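Q: Here it is, the structure in full.
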Amino acid sequence: MKRILAVTLPLLASMALVLLLGASLWSIAGSQTPVNLPELLAGKMNESGVNHPVTAVLLNFRSYDTLLEIAVLVIAGITGISMARTASLEDPELRTSDSLLYALQRWFIPLMLLLAGYLLWAGADRPGGAFQAGAVLAGCGVLMRLGGIPLGFLRPGLLLRVGLGLGFAVFLLVAVLSAMAGEAFLAYPPGMTKPLIITIETVLTFSIAMVLLALFVSAPVNDAGAPGEDDS
Amino acid sequence: MITAWLMAGLLFTPLAWAVLCLLLDFSRGRLVSCLGITVQVLVSLGLWVAVAREGGFLYGLGGWEAPLGIELRVDGLAVTFILLTAIVAGACGLHASVYLAPDNAWYRYFWPLFWFLWAGLNGVWLGGDLFNLYVGLELLSLSAVGLVALGGGINALRASLRYLLAALLGSMAYLLGVALMYGQFGTLSIAGIASLLPETQALVGPGMAMALMLSGLALKTALFPLHGWLPPAHGIAKSPVSALLSALVVKASFYIAARLWLEFGHELGSTAVAQLIGGLGGAAVIWGSWLACRQSQLKQVVAYSSVAQIGYLFLLFPLTFAVSDTASLQAQQGMTLQVVSHALAKAAMFLAAGNLILATGSHQVAGLAGVSHFLPFSLFSFGLAGVSLMGMPPSGGFAAKWMLLQASLASGQWWWIVVLVAGSLLSAAYVFRIYQASFVAKTGVDDFYHPPGSLEVIPLLLALMSLGLALVAEPLLSVMALSLETGGAP
Amino acid sequence: MTPSLLYAFAGAGLCGIGMFGFIQLRHLLRKLLAFNLIGSGTFLVLVGLAQHGQGPDAVPQALVLTGIVVSIAATALAIVLIRRYFHLSGHTSLEADDSDSGQGGAE
Amino acid sequence: MSLSALLPPITLMTSLLAAVLIFATPEHRSGLRTTINLTAALIKLLLVAIMVWGVFQGVDYHLTFTMLPGVAFTLKADALSVMFAGLSAILWLLTTVYAVGYLEDSPNRSRFFGFFSLCVASTMGIALAGNLFTFLLFYEMLTLATYPLVVHRGTVEALRAGRTYILYTLTGGAVLLVAIAWLHGLVGDLPFRQGGHFQQAASDLETPLTLIFVLLIAGLGVKAAIFPLHGWLPQAMVAPAPVSALLHAVAVVKAGAFGIVRVVYDIYGIESVAALGLLEPLAWLAAFTILYGSVRALSQADLKRRLAFSTISQVSYIILGISLFGPIGTAGGLVHLLHQGIMKITLFFCAGNYAETLGIHRVDELDGAGRRMPGTSIAFTIGAFGMIGTPPLAGFITKWTIASGAIAANMHWAIAVLLLSSILNAAYFLPVVQRLWFREAVNDWPHERFWGRLETSAWLFWPPLITALMTIMVGVLASMPFSPLSWAELIAAREYLP
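Taken in order, these protein sequences are the chains called A, B, C and D.
The first sequence begins at 12 in my numbering and counts up by one.
The second sequence begins at 91 in my numbering and counts up by one.
The third sequence begins at 13 in my numbering and counts up by one.
The fourth sequence begins at 146 in my numbering and counts up by one.
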């Protein structure tokens, strides 16, 4: 009886949620939005410095969101590597030595690097951009690690931390420099918009890849230095 | 001009220090962070003074105005909370710099997370854009989870996982509400939506959005009965972290809920909803205090007390809905005073509790036996903070309770008086339980470790601030009441 | 009923399924997957609903992109925590041993 | 800001500052601590004396600032406040002297004296409060400051007593808070004003005003130990003797009684309380408490418990006096505020001396103590006779004035209560006195200590004798200017001015 109840109640709650959501979607779909943001956006596109509206929103109109979003990513990365207790984030036991995989990698990795570069470059006028490129780059790293290619830099040392923070730091620096130049925080000086956005995108790609990779390889499952209950 | 510099400094410092500290180890990060705390406190103070003199303003980030860009809303209430954050977070940071043992490798990650947390708080206080608030909330939650999990064992991990899942579900519910709001209005600016609401015909969508956002935020604020995640997380974290979480982080999501209610509640709320939320708040007061009385561990008592004290905040909802302007104003003033005084008192209490645990070597309430013999300042600070939690005069807690009482009387909702009185008696019960433990005569306790003076002074100062808050409540409230002249175009 | 609106309704459905899973499931990884389901549903609602009325809209697309990054960060963090938790305790759910959850830990 | 505005806060600050300094004093520096204590007490006495003179001359000591929207923090010295302030200033000095001797060589003295000073600071604040809100601030502060004193010994018994104490007083405080907040919401900020605010009580406010009055009296009655809210008082006896002395004579019990005086006279106004029909029930309640306390005191074997029940009964004399409509009754009630304080503190000092010097706690152990400790026993005898109401001691003056007031107010039954109570007083005090002087000591004293020439430590010896002397003086010199009686008559005359 209790078990049935334990299933039924969440089920009913979720169904109610769906119904209510559906009803409100229906109601909202029936009315016109009073503010037409795409139109406003189209009107300002030529001031944005890039051609693709999504990139313009991400890195110009709502760049503060993106700044904080990268911060969230960095936080996740920090917390991830803080869990690591060993000198290296690599776990030799997990490394495979599959020769087929190794051979495949030699073909794939250059391709993937190329793809990442393309995605970054394409972001200016079609779908793509820093995050997509970073994700591909991180995928590259994951593949390398699984395939047994040593990744020496993945040690919770200074290099890794610089890598984690670099993109964010550059973004932030641009933000505050523009504020010091007399504009608002994150307002790019006129004429500088495009180069600044491209710089930011490039370093962001690198840092995003680092964060994702660090998160993938951190928290190695071993007992070395498992924290005691009585620390501090 | 000066405000533009202050704003840039306010936004830049925490983020920059986060990156900077990421590159350093704990001890160097400590030095750098002390500098950063000074800068941040000064900037916050400067901004507060500027707004107190010249009134609030809107700050368009990237030079773009709403609805296309993100606008920050710099009004009296926001800058007061920014100043409060600077004081409390600064105190917790300084405390942590002595409290945490620098030889533990993972504490190097404390400072970056601490600064990201601070940045998230500032972002939430200033936020005027629904989606930006979501990102701010996530920044806050993830850094808070990181801090709880820092160097933790099984229990800390379990607590932080529980916290993380609750926080994620809460923000997702909020985001779903934001999606509906955007679908309805095509804008994300709170002020814009508020100005469009009166002309809107079909309120089903926005109503559902409001419900989703409020329930998500209630989960993140640990409103009864969604409070299960809070006591383990706050109880198990390191004391400075617990202080930050209880004093500030839970307030952030409440602040958003309150802002939404005050802006949209008039159209989207109903008496039933208002009373329901108030009722949950009241239940939190009673149930949280009751559980606090039953805890055997010192920090668990303090953590459950947070559940109870948060409950008071939610009395804002019924006391501002469909009541006279006087009552509504009194309720808002009571809520702000409660936020400020609870932040100061709870931070003092957690820091003092940390010192006491350090001094006695015991987590238990009973471990305090005979402690008062050594006249530790921390016990005194704990006691003073307790005075504020009980709502005894002349503390800020008392001022808050007084304003809420007045609001209940003025709006004719006398049943909240019962909650207020019962809550303060129950909180007296758990506070006095700890006093009592410390007064137990116990001979042969000679090995009493006195924590360093700097650890003792910080909670004492916070507790004194919380205690004396009522004496300066009037000027503070007059700054908090400063709003923007501009209505905010849609 | 435009295709965009269909996406939005599908999103609502996903939210419901995810919600059920989140409440019902005990295994931490499944809970996390359920959360991601809710997330995907939410993003569908956000984009689908906005584009239903006024055609392609870059703003919600950008918002969703930001949202995805945030939820990836959160998911990755959760997995790291879960993995370590599993390693230390041998449990895959939080409720496995509630008996000692109230006990003190690291201070 | 003029000096007259600053004098009340400065008076308040003397004990507050003393408290802070004492908390900061290391445990072993008892000389320094005593110096701080006595200096502060003397300064305070001086300041209060200045204010007494000033109020007599008609100087307006008044300080006010807005604390919360619509609520002012007001300190003000009027005739009533300086009377209470004077009492606590004098008795604080004596109790401090006594406590220094009493707690010699015992642990936790810094803590004790720190809270002791805080307690007196709160009493001062209660005396000088200029409106109900300010009164409430200090009233609650008093609760907090006395708790550590009650549980000072840290024994299971003391902790239990502390729990009871805090349960009663905090509940009382909460009731008081609700009442004050309600009143505030109804009519706004009400400063204490002679004659009160509701002379012509508006008819539409009658019901709420009656309810608020009941709540106010209930809240204040807890500290004033009115039946049935007296339960904490006998239990609080486990506290050290100086604490009991202070609790009973000056601080807690009197704070409640003083608050009732303020509410009846300076908030409602005696006329409007009478018009609301609340005066008579209050008088009945007081009368019942008087008799109840006395009857219970009869059967107490523990000396301090007997004194505690006596306090319950005696404090209600104050309430009875002020609830007799007419200036004479008022004067009687007010003067008892002082007289009871002086007499009761004498008795508690003596009880403490017996306990500290001879180890005696029970009445039946007192046989022959008069020979061993003649000075203390003389003081005790004077105090006891004063309580019974023997002319020309302090208690006689009170009872005589209240009785005259009862006749003037046409409430003759009150005289019967007074007579009956006096007989009961005699019944529980005279056996003690008889044991002291007219019985031989049969056994050795339970726990005797020696101090050389005097019968006990000099710190303990003189305070009861001084207060005993005062008991005689205020009785004999009752008609002199500045005597408690003439001061109370002055206040009463002002209250009834048209």
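We put the CB at the ideal spot given by N, CA and C, even for glycine.
Keep in mind that this is a model prediction, so the values were computed, not measured.
Does the beta-carbon of Phe470/D have 16 or more other beta-carbons within 10 angstroms, so that it is buried, or is it exposed?
A: buried
Q: Determine which residues of the region 216–230 of chain A have a Cβ less than 9 Å from any Cβ of chain B, and write them out in chain order.
A: So the list is empty, because no residue satisfies the distance condition.
Q: Going by Cα to Cα distance, which pick from Ser261/B, Phe147/B, Val429/B, Leu335/B is closest to Met303/B?
A: Ser261/B
Q: Using the three-state DSSP reduction, which class does Asn47/A fall into: helix, strand or coil?
A: coil
Q: Beta-carbon within less than 8 Å of Ala303/D's beta-carbon, same chain only, minus the 5 sequence neighbours each way: which residues are those?
A: Within the same chain, Ala303/D has close Cβ partners Val295, Val296, His297, Val383, Ala384.
Q: Pick from Arg120/B, Ala531/B, Gly476/B, Val508/B: whose alpha carbon is nearest that of Val320/D?
A: Val508/B
Q: Which residues bound the alpha helix (DSSP H) around Arg73/A?
A: No alpha helix (DSSP H) contains Arg73/A, which DSSP labels as neither H nor E.
Q: Cβ of Phe147/B within 8 Å of Cβ of Val164/B?
A: yes
Q: Assuming Phe403/D contacts Phe229/D (C-beta within less than 8 Å), just tell me the rounded distance between them.
A: 5 Å
Q: Excluding five sequence neighbours on each side, which residues of the same chain lie with their C-beta closer than 8 Å to the C-beta of Leu37/C?
A: When the five nearest sequence neighbours on each side are left out, the beta carbons in the same chain lying within less than 8 Å of the beta carbon of Leu37/C are those of Lys43, Ala46, in order along the chain.
Q: Within 8 Å of any Cβ in chain D, is that where the Cβ of Val477/B sits?
A: Contacts with chain D at 8 Å (Cβ-Cβ) include Val477/B.
Q: With a cut-off of 8 Å, does the C-beta of Ile367/B fall near any C-beta of chain A?
A: For Ile367/B, the answer is no, since every Cβ of chain A falls outside 8 Å of its Cβ.
Q: Once DSSP output is grouped into helix, strand and coil, what is the label at Ala308/B?
A: Under the three-state reduction of DSSP output, Ala308/B falls in the helix class.
Q: What residues are listed by DSSP as bridge partners for Asp644/D?
A: Since the first residue shown for chain D is 146 and the last is 643, residue 644/D is missing from the structure and cannot be characterised.
Q: Quick check for students: name the residue ranges of the alpha helix (DSSP H) that lie wholly in the region 117–176 of chain B, counting only runs of 4 or more.
A: Listed in chain order, nothing qualifies, since the region 117–176 of chain B has no complete alpha helix (DSSP H) run of 4 or more residues.
Q: I'd like to know if Ile177/B contacts chain D, where contact means its C-beta is closer than 8 Å to some C-beta of that chain.
A: no
Q: By how many angstroms is the C-alpha of Ser431/B removed from the C-alpha of Glu240/A?
A: Because Glu240/A carries a pLDDT of 35, less than 50, the predicted location of this residue cannot be relied on, and the following value inherits that uncertainty. Distance between the alpha carbons of Glu240/A and Ser431/B is about 33 Å.
Q: Taking one C-beta from the region 65–85 of chain A and one from the region 305–321 of chain B each time, how about it: are there three or more such pairs within less than 8 Å?
A: no
Q: Using 8 Å as the threshold, is the region 237–255 of chain D in touch with the region 601–617 of chain D, meaning 3 or more CB pairs across them?
A: yes
Q: Sorted by chain position, which residues of the same chain lie with C-beta nearer than 6 Å to Ala20/C's C-beta, five sequence neighbours on each side aside?
A: Val57, Gly60, Leu61
Q: If Ala266/D and Ser160/D are in contact, beta carbons under 8 Å, what's the gap, nearest whole angstrom?
A: 4 Å
Q: Are there 16 or more other CB atoms within 10 angstroms of the CB of Lys491/B, so buried, or fewer, so exposed?
A: buried
Q: Closer than 8 Å, CB to CB, is Phe221/B near chain C or not?
A: yes
Q: When you compare the CB of Ser16/C with every CB in chain B, is at least one pair closer than 8 Å?
A: no
Q: Considering only residues of the same chain and omitting the five flanking positions on each side of Ser343/B, which have a CB-CB separation below 6 Å?
A: Excluding residues within five positions, the ones whose Cβ falls inside 6 Å are Leu307, Lys310, Thr311.
Q: Confirm, please, whether the CB-CB distance from Gln143/A to Leu124/A is below 8 Å.
A: no
Q: Using the DSSP secondary-structure output, state which residues sit across from Phe210/D in a beta bridge.
A: Phe218/D
Q: Of all the options Ile505/D, Leu610/D, Val460/D, which has the alpha carbon lying nearest to the alpha carbon of Ile527/D?
A: Leu610/D
Q: Exposed or buried, what is Phe454/D when buried is set at 16 or more other beta-carbons lying within 10 Å of its beta-carbon?
A: buried
Q: Under 8 Å: do the region 324–341 of chain B and the region 244–258 of chain B share three or more Cβ pairs, one atom per stretch?
A: yes
Q: Out of curiosity, what's the CA-to-CA distance linking Ser25/A and Asn57/A?
A: 45 Å
Q: If you pair each beta-carbon of the region 198–209 of chain D with each one of the region 257–265 of chain D, do three or more pairs fall below 8 Å?
A: no
Q: Taking Met298/B as the query, report the chain D residues whose CB atoms sit under 8 Å from its CB, ordered along the chain.
A: Chain D residues near Met298/B: none, gap ~37 Å exceeds 8 Å.
Q: Under three-state DSSP, which class holds Pro68/C?
A: coil
Q: Measure the C-alpha to C-alpha separation of Tyr641/D and Leu635/D and round it to an integer number of angstroms.
A: When rounded, the distance between both Cα atoms is 10 Å.
Q: Quick check: is the beta carbon of Ala259/A nearer than 8 Å to any beta carbon in chain C?
A: Nothing can be reported for residue 259/A, as the shown portion of chain A is limited to 12 through 243.
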